[in-house]
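Numbering (this note's numbering), first residue to last: 3 to 189.
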């Protein structure tokens, strides 16, 4: 086993990424403890760490996407790069790209996610729900959906609610919702 010693405050981003990668590789090689209770606690702690790594990854992907760096390397899109080089399935690539592109619009979600107070699943659900909203409705939707998280709703319930978020905001504000593309087409 390779020793990993990093002064977190002084380490470069590359040194931190390399240390996290080395630790993940070592954990993957180890046999889990025999205790189900210990494994449950370890799984919860590791999942929270993974959620925070996903927040960092979304930041990196956002810079790559905004800078159109993938085109320099011959990829037609950031999503194709995620599928090809990072080995993601289509749904995962789309989810990560949506998060990367919406982070700047979701200040509270981004803060909570980066500090471990919000899971990747909730962050992805909320980002997907607000992707087609204007900035005013985005802020309202973020507040409503985070409120649901605080009330203990599952990510699945928040997603279901998120699909109707325009209607919910319009109802709350007493305005008429703009129909989405599916509604306009009669689907």
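Even for Gly, the Cβ is constructed at its ideal location relative to N, Cα and C. Every value quoted in this text rests on a predicted model; they were computed, and no experiment measured them.
Range covered by the alpha helix (DSSP H) that runs through residue i
i: residue 127; result: 122-132
i: residue 162; result: 157-165
i: residue 100; result: 92-104
i: residue 38; result: 38-68
i: residue 113; result: 109-116
i: residue 82; result: 80-87
i: residue 149; result: 137-152
Nearest-angstrom Cβ-Cβ length linking residue i and residue j, presumed shorter than 8 Å
i: residue 133; j: residue 104; result: 6 Å
i: residue 269; j: residue 108; result: Missing from the structure shown is residue 269; the chain here goes from 3 to 189 and no further.
i: residue 144; j: residue 111; result: 6 Å
i: residue 74; j: residue 96; result: Wrong, their Cβ atoms sit about 22 Å apart, outside the cutoff.
Straight-line Cα distance separating residue j from residue i
i: residue 88; j: residue 158; result: 26 Å
i: residue 162; j: residue 41; result: 31 Å
i: residue 9; j: residue 15; result: 12 Å
i: residue 114; j: residue 137; result: 19 Å
i: residue 29; j: residue 164; result: 36 Å
i: residue 49; j: residue 5; result: 23 Å
i: residue 25; j: residue 11; result: 18 Å
i: residue 166; j: residue 17; result: 43 Å
i: residue 94; j: residue 44; result: 24 Å
i: residue 148; j: residue 101; result: 16 Å
i: residue 140; j: residue 46; result: 30 Å
i: residue 196; j: residue 7; result: Only positions 3 to 189 of the chain appear in this structure, which leaves residue 196 out of reach.
i: residue 66; j: residue 72; result: 7 Å
Option in the options with minimal Cα separation from residue i
i: residue 57; options: 70, 65, 122; result: 122
i: residue 156; options: 126, 86, 173, 84; result: 126
i: residue 150; options: 174, 86, 124, 130; result: 124
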